[in-house]
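Counting the first sequence from 1 gives a position; our numbering is that position plus 7.
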Amino acid sequence: MARAASPTASSASASRCPASRTARSRRWSSSPSTAARPSGRTCASPPSAVGASPEGGARHAVALESRLLKEAPGMPNALSVSRMTGNRSTFPQWYQAINREADLSEVSPVRGCMIIKPWGYGVWEEMQRDLDRRIKDTGHVNAYFPLFIPLSFFAKEAEHVEGFAKEMAVVTHHRLKTVDGKLEVDPEARLEEPLIVRPTSETIIGDAFQRWIQSHRDLPLLINQWANVVRWEMRTRLFLRTSEFLWQEGHTAHATADDARAETMKMLEVYRAFSEETLAMPVIAGEKPENERFPGAVATYSIEAMMQDGKALQAGTSHYLGQNFARAQNIRFQSAAGELEYCHTTSWGVSTRLIGGVVMTHGDDDGLRLPPAIAPRQIVIVPMLRDKPEDAEVLAFGEALSKQLSATTTLGERTRALLDTRAQRSADKRWEWIRRGAPILVELGPRDAAAGQVTFMRRDALRNGDKIVSQAMPLAEFVARAPALLAEIQASLFAEAKARLDANIRTDIASFDALAEYFGAASEDDEEGEAFKGWVRAPWSRPTGAALETVEERLKSLKLTLRNIPLAQTGAGGSCLFTGAPAVEEVLIARAY
RNA sequence: CGGAGUGUGGCUCAGUCUGGUAGAGCACCGCGUUCGGGACGCGGGGGUCGCAGGUUCGAAUCCUGCCACUCCGACCA
8 MARAASPTAS SASASRCPAS RTARSRRWSS SPSTAARPSG RTCASPPSAV
58 GASPEGGARH AVALESRLLK EAPGMPNALS VSRMTGNRST FPQWYQAINR
108 EADLSEVSPV RGCMIIKPWG YGVWEEMQRD LDRRIKDTGH VNAYFPLFIP
158 LSFFAKEAEH VEGFAKEMAV VTHHRLKTVD GKLEVDPEAR LEEPLIVRPT
208 SETIIGDAFQ RWIQSHRDLP LLINQWANVV RWEMRTRLFL RTSEFLWQEG
258 HTAHATADDA RAETMKMLEV YRAFSEETLA MPVIAGEKPE NERFPGAVAT
308 YSIEAMMQDG KALQAGTSHY LGQNFARAQN IRFQSAAGEL EYCHTTSWGV
358 STRLIGGVVM THGDDDGLRL PPAIAPRQIV IVPMLRDKPE DAEVLAFGEA
408 LSKQLSATTT LGERTRALLD TRAQRSADKR WEWIRRGAPI LVELGPRDAA
458 AGQVTFMRRD ALRNGDKIVS QAMPLAEFVA RAPALLAEIQ ASLFAEAKAR
508 LDANIRTDIA SFDALAEYFG AASEDDEEGE AFKGWVRAPW SRPTGAALET
558 VEERLKSLKL TLRNIPLAQT GAGGSCLFTG APAVEEVLIA RAY
């Protein structure tokens, strides 16, 4: 073992020092800024001390990947956690490590598709439950439409077709046959009309709307569907972009443009509130520039969230479709005046991508941190069992605690507590729950049982420097305070992310050159570590058509995109960053997922 | 689809240059000692080295083709 700088380290301390072990560490070992960094936690030797030692510690990958990273050098707006997660060059590895170590998801044998593991799916279920409530509270009802859409349906809206045609899964046959012991597609079983696997459901739902709507009394028609969709993506990443993903898609029809526009904005606001209140993920809501519109839409709005590497994630969209789909599909109603008119429709959706957003918003060196509102288990009790008589008391105490906690109400729901009685070692279980992001972790030992007290850790504030922070209080007090404590964790995660977002949107960039300097300089760095860059909010003249395309081209050279035009405008004047013309509003510019 | 890289037990990797019949740590199983900050000892189980051909007495290693994954582009929730 090449642990040159700490010759005294015992194997025991080495085992607690996983940072010293991956081959990755060699990548940074020559970096001057790494060597000086004090080792984290119980780790005795600096990362640079380690060479080719192949010792393992795979389960610690989240911690070890990130601990080795460079500090963001001299960045005024550097994230508080940028030394681990804010480093652009290692962020993808960190992201994948969390997916693996927090048991969220894994790539499947099917190209471009993922397996959402129970813990990750549990998070999705909590999201679904909360958002479904919000969707129903705004008057919508759930329904389900077919996975397969006849090609002819899909073909009706020209822009829509153009937007999705390149990423379509198509079903052409309905039978297999065995030839020489091998299964083959039966050429005899060709479908008369190919079916596409839905990439979105405007057309199949529009077809139903066309039949369901006759009178203005049938409007508004407010439908939502929870479903999977398929878009044949070239490049996929867990949760953020996969060929198949889960989502919710709302589809509504209205009598007037005003009503439909109001619906579009209402659902955008539902998404904003859901994202900020439930996911603790601050967002900026705004309108997409015309070239970023949903295919077939008159206007598209989005909420954009800032990830810990500074990139923007489109976290939800809401579209005003005008009468485009109504005309294409003959969705008409008879008005009070007796006239036949086309409906105005909307659609809006969020997907399992949000899970990726939560990971990249709240994750840290120790793994995932889940906002209590979406944590499948909010309080996990790990009993310290030692194969001794007092184990029974510890377990009994734990069961009582779990039961009492489950009788309380947190954030409007029954508190989700778990007594983890699995046979694994307590220490392993503790770290597993830390990596998974359980908001509160209770460690229950004989001393607690005897004293009738609860010792616990908050995942949002797990460490003070290198030390794990735990606190203790009497059972009754803990049970009484747990809901408030969880609410506090929810709030603190949001506050942390909100502060990061607010601190990293620059509004002082007044020219394209300045923009290029800010973003361009970093891209010339090698992969060793690009400094954190946030977003830029800049005045612009809202160019359209070819002029807008030119803007996009120039931004592309800097790997930048227009995210949205925030609804909340400051009214600041100035001249357009791109055209020099008088600005009419501000636009958000960022690198994006 | 272009550029770069990687495929070796569950995980992270060494071994490939210089062919000789597969390793480490962690994880897993058993026993014992431990146990409030990622325990220790002893003993085990698990890999046709991404796939298919080829060269060779012999291939993880050399050659050819293919596939998959990761990162960077193009495309997108």
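Here a beta-carbon is modelled for each residue, glycine too, at the ideal position from N, C-alpha and C.
Predicted model only: the values in this text are computed from it and were never measured.
#### Entry: Cβ separation of F155 and V178, assumed to be a contact under 8 Å, to the nearest whole Å
As a first step, residue 155 must be located in the first sequence, where it is residue number 148. As a first step, residue 178 must be located in the first sequence, where it is residue number 171. Confirmed, about 6 Å.
### Query
Can you name the residues that DSSP bridges to R197?
For this step, residue 197 is matched to residue 190 along the first sequence. Per DSSP, H180.
### Query
Helix or strand or just coil, what does DSSP make of G64?
The residue you call residue 64 lines up with position 57 of the first sequence. In this prediction, G64 has a pLDDT of 31, which is less than 50 and means its spatial position is unreliable; nothing more can be read from the coordinates.
### Task
Tell me where the beta strand (DSSP E) around Q460 begins and ends.
In the first sequence, the residue the question calls residue 460 occupies position 453. Taken as a continuous stretch (DSSP letters only), the beta strand (DSSP E) holding Q460 covers Q460 to R465.
#### Entry: Helix, strand or coil at T271 according to DSSP, with G and I counted as helix
Stepping through the first sequence from its first residue, residue 271 is reached at position 264. Of the three classes helix, strand and coil, the one that applies to T271 here is helix, per DSSP.
### Task
Please check the pair L138 and W126, which I expect to be a contact at CB under 8 Å, by giving their CB distance rounded to whole angstroms.
In the first sequence, counting from the first residue as 1, residue 138 sits at position 131. In the first sequence, counting from the first residue as 1, residue 126 sits at position 119. L138 to W126, Cβ: 19 Å. No contact.
### Task
Would you mind stating whether S433 and R423 have Cβ atoms separated by less than 9 Å?
Here residue 433 is taken as the residue at index 426 of the first sequence, counted from 1. Here residue 423 is taken as the residue at index 416 of the first sequence, counted from 1. No, the Cβ-Cβ distance between S433 and R423 is not below 9 Å.
### Message
Measuring straight from C-alpha to C-alpha, what distance separates R218 and A165?
### Response
Counting from 1 along the first sequence, the entry for residue 218 is found at position 211. Counting from 1 along the first sequence, the entry for residue 165 is found at position 158. Cα-Cα distance, rounded: 21 Å.
### Query
Sorted by chain position, which residues of the same chain lie with C-beta nearer than 6 Å to R33's C-beta, five sequence neighbours on each side aside?
The residue given as residue 33 occupies position 26 in the first sequence. Because R33 sits at a pLDDT of 23, beneath the cut-off of 50, its placement in the model cannot be relied upon, and the point is left open.
### Query
Which residues mark the beginning and the end of the beta strand (DSSP E) in which M480 is found?
For the purposes of this step, residue 480 is taken as the residue at position 473 of the first sequence. From DSSP, the beta strand (DSSP E) with M480 extends over Q478 to P481.
### Task
Output the distance between the C-alpha atoms of D467 and V148, rounded to the nearest integer angstrom.
Taking the first sequence and counting its residues from 1, the one referred to as residue 467 is at position 460. Taking the first sequence and counting its residues from 1, the one referred to as residue 148 is at position 141. Spanning the two alpha carbons is a distance of roughly 36 Å.
### Query
Excluding five sequence neighbours on each side, which residues of the same chain lie with their C-beta closer than 6 Å to the C-beta of W542?
As a working note, residue 542 is residue 535 in the first sequence. So the list reads I512, L595 and A597, once near-sequence residues are dropped.
### Reference H351, options M241, A304, P379 and E200, closest by Cα
Numbered from 1 along the first sequence, position 344 holds the residue referred to as residue 351. Among M241, A304, P379 and E200, the Cα nearest to that of H351 belongs to A304.
### Message
I'd like the list of long-range same chain contacts for V365, defined as Cβ closer than 6 Å, with 5 residues on each side in sequence excluded.
### Response
Sequence index remark: in the first sequence, residue 365 carries index 358 (1-based). Counting only Cβ-Cβ distances below 6 Å, and skipping sequence neighbours, we find L286.
#### Entry: Inter-residue spacing [alpha-carbon to alpha-carbon] between L377 and F463
For the purposes of this step, residue 377 is identified with residue 370 of the first sequence, where counting begins at 1. For the purposes of this step, residue 463 is identified with residue 456 of the first sequence, where counting begins at 1. Roughly 16 Å separates the two Cα atoms.
### For I105: DSSP bridge partner residues
Position 98 of the first sequence, counted from the first residue, corresponds to residue 105. Partner(s): none; I105 has no beta bridge.
### Message
Do G329 and A267 have their beta-carbon atoms positioned less than 9 Å apart in this structure?
### Response
Within the first sequence, the letter at position 260 stands for residue 267. Within the first sequence, the letter at position 322 stands for residue 329. Their beta carbons are under 9 Å apart, which means A267 touches G329 by this criterion.
### Task
Classify E559 as helix, strand or coil using the three-state DSSP reduction.
Counted from its first residue, the first sequence places residue 559 at position 552. E559 falls in the helix class under three-state DSSP.
### Query
Do V168 and R205 come within 9 Å of each other at the CB atom, strictly closer than that value?
Your numbering for residue 205 matches position 198 in the first sequence. Your numbering for residue 168 matches position 161 in the first sequence. Taking 9 Å as the Cβ cut-off, R205 and V168 do not qualify as a contacting pair.
### Task
List the DSSP bridge partners of Y236.
For the purposes of this step, residue 236 is identified with residue 229 of the first sequence, where counting begins at 1. The sequence given here has Val at residue 236, not Tyr. Beta-bridge pairing links V236 to F252.
### Task
Please find out if some non-hydrogen atom of the ligand NAD comes closer than 8 Å to the beta-carbon of A399.
With respect to small molecules bound, the structure shown includes none, and the ligand NAD cannot be examined in it.
### Task
Determine, using beta carbons only, whether Q385 and A479 come nearer to each other than 9 Å.
Taking the first sequence and counting its residues from 1, the one referred to as residue 385 is at position 378. Taking the first sequence and counting its residues from 1, the one referred to as residue 479 is at position 472. It is not a contact, given that the beta carbons lie outside the stated cut-off.
### Task
Assign F340 to one of three DSSP states: helix, strand, or coil.
Here residue 340 corresponds to residue number 333 of the first sequence, with the count starting at 1. Three-state result, F340: strand.
### Query
Any idea if V192 is buried or exposed, counting beta-carbon neighbours within 10 angstroms, 16 or more meaning buried?
By 1-based counting over the first sequence, the position of residue 192 is 185. By the 10 Å Cβ count, V192 comes out exposed.
### Message
Quick check on DSSP: helix, strand or coil for V365?
### Response
Residue 365 sits at position 358 when you count from the first residue of the first sequence. Residue state, collapsed to three classes: helix.
### Task
Say whether the segment 295-309 touches the segment 320-328, bearing in mind that this needs 3 or more beta-carbon pairs closer than 8 Å, one atom from each stretch.
yes
### Query
Taking all protein chains shown into account, do 16 or more other C-beta atoms lie within 10 angstroms of the C-beta of P53, making it buried, or fewer, making it exposed?
The residue labelled residue 53 in the question sits at position 46 within the first sequence. With a pLDDT of 25 at P53, under the threshold of 50, the predicted position of this residue should be treated as unreliable, and no value is reported.
### Message
Report the CB separation of M367 from E450 in whole angstroms; it is logged as a contact under 8 Å.
### Response
Within the first sequence, residue 367 is the residue found at index 360, counting from 1. Within the first sequence, residue 450 is the residue found at index 443, counting from 1. Not quite, the Cβ-Cβ distance comes to about 29 Å (not below 8 Å), so this is no contact.
### Query
Would you call V591 buried or exposed, if buried means 16 or more other Cβ atoms sit within 10 Å of its Cβ?
The sequence position of residue 591 within the first sequence is 584, counting from 1. So V591 counts as exposed.
### Message
DSSP has G323 in a bridge; who is on the other side?
### Response
Here the question's residue 323 lines up with position 316 in the first sequence. DSSP lists I310 as partners of G323.
### Message
Taking 8 Å as the cut-off, does the segment 397-405 touch the segment 451-459 (at least 3 CB pairs, one atom from each stretch)?
### Response
yes
#### Entry: Alpha-carbon spacing of K163 relative to P490, whole angstroms
Sequence index remark: in the first sequence, residue 163 carries index 156 (1-based). Sequence index remark: in the first sequence, residue 490 carries index 483 (1-based). Those two C-alpha atoms are separated by around 52 Å.
### Query
Is the Cβ-Cβ distance between S250 and G363 less than 9 Å?
Locating residue 250 in the first sequence gives position 243, where the first residue counts as 1. Locating residue 363 in the first sequence gives position 356, where the first residue counts as 1. It is not a contact, given that the beta carbons lie outside the stated cut-off.
### Task
Excluding the 5 residues preceding and the 5 following A335 in the sequence, name in chain order all residues of the same chain whose CB lies nearer than 6 Å to its CB.
In the first sequence, residue 335 corresponds to position 328, counting from 1. Cβ within range, chain order: K163 and E164.
### Query
To the nearest angstrom, how far is it from the Cα of V461 to the Cα of R360?
The residue labelled residue 461 in the question sits at position 454 within the first sequence. The residue labelled residue 360 in the question sits at position 353 within the first sequence. So the alpha carbons of these two residues sit roughly 36 Å apart.
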